[in-house]
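Written out below as structure tokens is the structure these notes cover.
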Amino acid sequence: MSNEPLSWGRGLALHSVGLRSRASSAPEVPHWSAPARSANLEAVRAALTREGSLGAVITGPRGVGKSSLARAAVADLGQDAWPLQLRCGPAGAATPYGCLSFLLARLPQAYMGSPTAILRGITSLIRSDAGGRQCVITLDTCGAIDDMSAGVLLNVLMTGTARIVAVAPRSSDLPVDFHWLLADRRLSEVRLDNLNELQTRQVLLSLLGHKVSSSLVTTCHHMVGGNPLLLKALVAEQQLSGNLVLSDSVWTLRDKIVLDGAASLEDIVRSRWSRETPEARNVIEMLACARRVELTRLSALFGADVVADMEDAGLLDIDCSEHRWVSLREKYIGDVVRTWLGIARRRELRALLLEGEEPDPAGMTVQELMAFAAWTHECEAELAPALALAAADAAVQLFDPRFALTYADMLRRADPEWVPGQRRKAAAYLQLDLPLQAMAALEEVSRPELDGLDVVEYAEVIAAKCRTMLWLPERTAAIPGLLAQARQRIGAAADTRWPEPAARAVNRIELSSLEYRAFTGEYPAMIPDLEAAADPVRNPDTAYRMHCGILLMGALAVSGREMDALSLMRQLGGQLSDASEVVGLRERYHRESYLVLLLAGQWRRCAELLPAEENREPSYLPSRTAGAELAAGIANAFAGRGGEALDPLVSAVAQLELQPVQTPLRTAYAATALAYAQTGNSAQARKYLAKLQSAPGRSSFIAETIIGFCAMVARRWLGDPDAVKELKEQAGLNAAAGRYTIAGIHQLAGTVNGGDADFRILEDMAGHRQGPLAEVSRLIASGSRSKDAKTLLAGGELAATLELDAVEARCMALAVDFARHDGDAATARTAQARLDILAATVAHLPIVPTSGSPLLTSRERQIARLAGGGASNRDIALEMGVSVRTVEGHLYQVFTKLGVTSRGDLTGLV
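For any residue, its number in my numbering is found by taking its place in the sequence shown, counting from 1, and adding 49.
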């Protein structure tokens, strides 16, 4: 077969024949998705450049970026490759040479006599256009390729004329001849799936160009199921609507995503809708409204075959629970389809599913209640009072206060559920940080209505009032009086022995009293009462006993009994499943456990309490996700790892600044200031301290303690002498109140450059505490007073087991000075080596050694590591590309800084 080049047609414009030059095609490569597809891109690139390979086949479902990846791979080959883009449409199989028609049009009539002549002409034409470069064909096969085109392509590949990147949903969609090339590994298959949550974050970073909040990542990922094409459309829609905003250099959402009017996503859904059968459309409409339906019920309504076919097609997701709930796999489809349905159609679907029977709220989960209530609300139908109350309660539990208010407002005053509904309304207002509105909702319950309540509901209303009054400074002092009145009424009205309702009411009032004392910081004094209340022998009320046990965890941790608190935490954790019916218990346990671990110095275990990204449901309000990021940031900042703390903290601030919740925002400001101070960024640290000063709000004793501590330590890092004085004052006040853990932590932070009297106080406080963090404090106090390097080295090693980097660095810096002063070279070397390692996480040391022994530079550390491993100076020079004399100079500096005299001494030090 002749392969001579053809010269005709070379004068045609490239766009007129379907070919694109490098300059014209480059801007069209969608680099925004490249960070998430780097491994796939490398696989395609390798298939195009590997000797003996004919190219790659990219497969995967619609919208995952197959064509984008193909174009990116070809573009990465640079000017050495000539790109040729071919596309086979739906009618391609019925048209001979369909995907090659534009090349066929360029052949002279003489070549049209036989398939062999056409094959030879197209092959030569491709060679001629490539001009000596490697031709790479991009084949987008939306439909089947006709046999004639397949034959030409196979010849082009086998003769080495070109290599190929074929794009198809499945490899079976390719011509049969391509299958043996795949089996023979002449073609490589690269399978693309939807993005995972980490890849979604990477794509969003590429799309938006700034940091992105976790709530944005989680919400977008769950909304589009990790489909990159849909993700890009969703981001564009949210930017246009103003719901996606740049807050303090972080992209985040103002509120939950609403797809009504989302034109680009609607076009995508309509395209898919047009390909579905009428039966499948009915199922989609039902699931769009109901959110999820039991498999047996859905199959009974629409047929098991229809449901099975839709599952096979990837439209449906069926969980593994007892009920086998069915939902739309891609949630955005339901959100868009729901906007198409009128009220009449929604009511028709609701009637079809329910068959005239309202569900029993007692048998529904909070997610089921929310879905059913939302559907009913969208149908403009009335919820039964019991369902409205249950839905409001579910919304509060899921931190969706606006929906809680909507459902609570459905209750009429004459309904028996109205007073409980007012309590849910108050709880929702508190979530929105609106205590005045919460109090107003509770005070709508008149005195006659209050007197007419049964004792349990009466106690719940009083408890709700007390919880609200905690956040109203002018009314907090009235809480004990209100509780005393409640005790008097309940005690006079009925038998208070268990299991009478009055006994449950008494326990609810006592729990409110204990919560009030915890809010104001009376932890040591309340321990005996909490121990009695948490005793199962003395109190058979499971809910009350568990709540009191959780409060006792915090009280023990604050009062110097950290190990007792950890032991109780483990004990209660094993009992949670036995009290699963108690609303809010698990969340309360996790909050208090976080405090216990933080105060015990076990900051790393705090992360275990935070939900993993892949298990986290999209939140209705970003502030819930912000809470997890805030907790992670505080834990890292407490450990002295300011650099690691900044990402979650800055993200949390961006989300919380758009919400009205002041206590978490103030905490985020203080922790962010501390993290910036730890990294040496004084300008940013002062910026967030100023934000903290201007942010109003009232918090519990523990929250105010964390806020104040972070702010004072941040100022101490910035060199503010008043901060040291304030830390010591707070230590004294807390010690006088018996809160020895908090006192010890403040005293430890306030004695970085302390005197003998300061260290005596620190040692005394450590004697009132339990656990390794208390022992670290004792060793620091003892070693600093006696100037004993070995004691400080032991303190640093213990701090290292807790991964408290800043505390360890403090111990090692002092140990270096004291050891060198005493002529203890071995201890000095060990401490200096640890200090050198800590430079990776502690950007600015709390104490710098005064002995003139700076840390190793990165180059010195690299040379020391090679020398300690046995490499000669010449080997090190060759490895690093420097002269032998340079290596010798660096080693001299290393020996001087570390106080060693031989290469063997370097082993284990760097």
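Ideal placement from N, C-alpha and C gives every residue a C-beta, glycine not left out.
1. Considering only residues of the same chain and omitting the five flanking positions on each side of D298, which have a CB-CB separation below 7 Å?
2. Do you know whose CA, among Y572, A719, C759 and A513, lies nearest L485's CA?
3. When we look at the beta-carbon of D500 and count the other beta-carbons within 10 Å, is it buried (16 or more) or exposed?
4. Do you know how far the Cα of E509 is from the Cα of L670?
5. Restricting to runs no shorter than 4 residues, where is the alpha helix (DSSP H) found entirely within the segment 438 to 484?
6. Does P821 come out as helix, strand or coil in the three-state DSSP assignment?
7. Short of 6 Å in beta carbon distance, which residues of its chain neighbour E641, apart from the five on each side in sequence? Order them along the chain.
8. Is it buried or exposed for A593, if we count other Cβ within 10 angstroms and need 16 for buried?
9. Could you give the distance in angstroms between the alpha-carbon of K380 and the alpha-carbon of S262?
10. Output yes or no for whether 8 Å exceeds the beta carbon distance between L479 and T425.
11. Just the Cα atoms here: how many angstroms apart are Q471 and V385?
12. Would you say L153 and A122 are within 8 Å of each other, going by their C-beta atoms?
13. Could you check whether the segment 706 to 726 touches the segment 736 to 748, counting it as contact only if at least three pairs of C-beta atoms, one from each stretch, sit closer than 8 Å?
14. Quick check: the Cα distance between Y941 and Y718, rounded to an integer number of angstroms?
15. Do T187 and R961 count as a contact pair if the criterion is CB distance below 8 Å?
16. Could you tell me which of A463, V494, R387 and A457 sits nearest to A476, measuring between CA atoms?
17. Closer than 7 Å by C-beta to G746: which residues in its own chain qualify, once you throw out the five before and the five after it? Chain order, please.
18. My guess is that L851 and L841 are in contact by the Cβ rule of under 8 Å, so how many angstroms apart are they, rounded?
19. Kindly list the residues whose CB is nearer than 7 Å to the CB of L223, restricted to its own chain and excluding five residues on each side of it in sequence; keep chain order.
20. By Cβ distance, which residues of its chain are closer than 8 Å to Q819, with the 5 residues on each side in sequence left out?
21. Going by DSSP, what residues sit across from K260 in a beta bridge?
22. According to DSSP, is S629 helix, strand or coil?
23. Please specify which runs of the beta strand (DSSP E), each continuous and at least 3 residues long, are wholly inside the segment 330 to 380, giving them in chain order.
24. Quick test of your reading: A656 and A684, contact by CB under 8 Å. State the CB separation rounded to the nearest angstrom.
25. Assign W131 to one of three DSSP states: helix, strand, or coil.
26. For S1028, report the span of its alpha helix (DSSP H) as first-last.
27. When the distance is taken between beta carbons, is R378 closer than 8 Å to L364?
28. Could you have a look at I751 and say whether DSSP puts it in helix, strand or coil?
29. Please state the DSSP three-state secondary structure of S951.
30. Thinking C597 and A582 are a contact (beta carbons under 8 Å), I'd like their distance in whole angstroms, please.
31. Compare the Cα-Cα distances from E775 to each of G757, A785, R99 and A232 and report the closest residue.
32. For F944, I'd like the list of residues in its chain whose CB is within less than 8 Å of its CB, leaving aside the five on either flank, ordered along the chain.
33. Under 7 Å from any heavy atom of the ligand NAD, does the C-beta of A848 make it?
34. First and last residue of the alpha helix (DSSP H) that includes R640?
35. How long is the line joining the alpha carbons of V865 and I886, rounded to whole angstroms?
36. Does the contact criterion of 3 or more C-beta pairs under 8 Å hold for the segment 427 to 438 versus the segment 346 to 359?
Short version:
1. In the sequence shown, residue 298 corresponds to position 249, counting from 1. The sequence given here places Ser at residue 298; Asp does not occur at that position. Hits under 7 Å: H259 and K260.
2. Working through the sequence shown from its first residue, we reach residue 485 at position 436. Nearest of Y572, A719, C759 and A513 to L485, Cα basis: A513.
3. Along the sequence shown, read from residue 1 onward, the residue named residue 500 stands at position 451. Counting Cβ neighbours within 10 Å, D500 comes out exposed, since fewer than 16 surround it.
4. Along the sequence shown, one-based indexing puts residue 670 at 621. Along the sequence shown, one-based indexing puts residue 509 at 460. Residue placement at L670 is poorly supported in this model, since its pLDDT is 43, which falls under 50; the coordinates still yield a value, given next. Whole-angstrom Cα-Cα distance: 27 Å.
5. 450 to 457 and 467 to 480
6. As a first step, residue 821 must be located in the sequence shown, where it is residue number 772. P821: helix per DSSP, three-state reduction.
7. Counting from one through the sequence shown, the residue named residue 641 turns up at place 592. Within the same chain, E641 has close Cβ partners I599, M602 and G603.
8. Translated into positions along the sequence shown, residue 593 becomes position 544. It is Tyr, not Ala, that sits at residue 593 in the sequence shown. With 16 or more other Cβ atoms within 10 Å, it is buried.
9. Working through the sequence shown from its first residue, we reach residue 380 at position 331. Working through the sequence shown from its first residue, we reach residue 262 at position 213. Roughly 21 Å between the two C-alpha positions.
10. On the sequence shown, residue 479 is found 430 positions in, with the first residue counted as 1. On the sequence shown, residue 425 is found 376 positions in, with the first residue counted as 1. Cβ atoms of L479 and T425: not closer than 8 Å.
11. In the sequence shown, the residue the question calls residue 471 occupies position 422. In the sequence shown, the residue the question calls residue 385 occupies position 336. Computed Cα separation, rounded: 34 Å.
12. Stepping through the sequence shown from its first residue, residue 153 is reached at position 104. Stepping through the sequence shown from its first residue, residue 122 is reached at position 73. Taking 8 Å as the Cβ cut-off, L153 and A122 do not qualify as a contacting pair.
13. yes
14. To locate residue 941, count along the sequence shown from 1; it is residue 892. To locate residue 718, count along the sequence shown from 1; it is residue 669. Their backbone Cα atoms lie some 45 Å apart in a straight line.
15. Nothing about residue 961 can be read from this structure; the chain reaches only from 50 to 959.
16. Stepping through the sequence shown from its first residue, residue 476 is reached at position 427. The candidate whose alpha carbon is nearest that of A476 is A457.
17. Sequence index remark: in the sequence shown, residue 746 carries index 697 (1-based). Q711, T712 and R715.
18. In the sequence shown, residue 851 corresponds to position 802, counting from 1. In the sequence shown, residue 841 corresponds to position 792, counting from 1. Going by Cβ atoms, the distance from L851 to L841 rounds to 16 Å, so no, they are not a contact pair.
19. Here residue 223 corresponds to residue number 174 of the sequence shown, with the count starting at 1. Around L223: V106, T190, A215 and A217.
20. As a working mapping, residue 819 is identified with position 770 in the sequence shown. Excluding positions up to five away in sequence, the list reads G609, R610, E611, M612 and D613.
21. Stepping through the sequence shown from its first residue, residue 260 is reached at position 211. DSSP output for K260 lists V299 as bridge partner(s).
22. Looking up residue 629 in the sequence shown gives position 580. Residue state, collapsed to three classes: coil.
23. 341 to 343, 365 to 367 and 374 to 377
24. Taking the first residue of the sequence shown as position 1, residue 656 is located at position 607. Taking the first residue of the sequence shown as position 1, residue 684 is located at position 635. Right, the Cβ-Cβ distance comes to about 7 Å (below 8 Å), so this counts as a contact.
25. Sequence index remark: in the sequence shown, residue 131 carries index 82 (1-based). Of the three classes helix, strand and coil, the one that applies to W131 here is strand, per DSSP.
26. Since the first residue of the chain shown is 50 and the last is 959, residue 1028 is not available in this structure.
27. Residue 364 sits at position 315 when you count from the first residue of the sequence shown. Residue 378 sits at position 329 when you count from the first residue of the sequence shown. Result yes, Cβ atoms of L364 and R378 sit closer than 8 Å.
28. Translated into positions along the sequence shown, residue 751 becomes position 702. Helix, per DSSP.
29. Along the sequence shown, read from residue 1 onward, the residue named residue 951 stands at position 902. Note: S951 maps to coil in three-state DSSP.
30. Working through the sequence shown from its first residue, we reach residue 597 at position 548. Working through the sequence shown from its first residue, we reach residue 582 at position 533. 4 Å between Cβ atoms; contact.
31. Numbered from 1 along the sequence shown, position 726 holds the residue referred to as residue 775. Comparing Cα-Cα distances from E775 to each of G757, A785, R99 and A232, the minimum goes to G757.
32. Taking the first residue of the sequence shown as position 1, residue 944 is located at position 895. Same-chain partners within the cutoff: T950.
33. Among the components of this structure there are no ligands whatsoever, and the ligand NAD is therefore not found.
34. Within the sequence shown, residue 640 is the residue found at index 591, counting from 1. It spans L634 to L648 - the alpha helix (DSSP H) in which R640 sits, taken as one unbroken run.
35. Walking along the sequence shown from the start, residue 865 turns up at place 816. Walking along the sequence shown from the start, residue 886 turns up at place 837. If I take the Cα positions, the gap works out to 14 Å.
36. no
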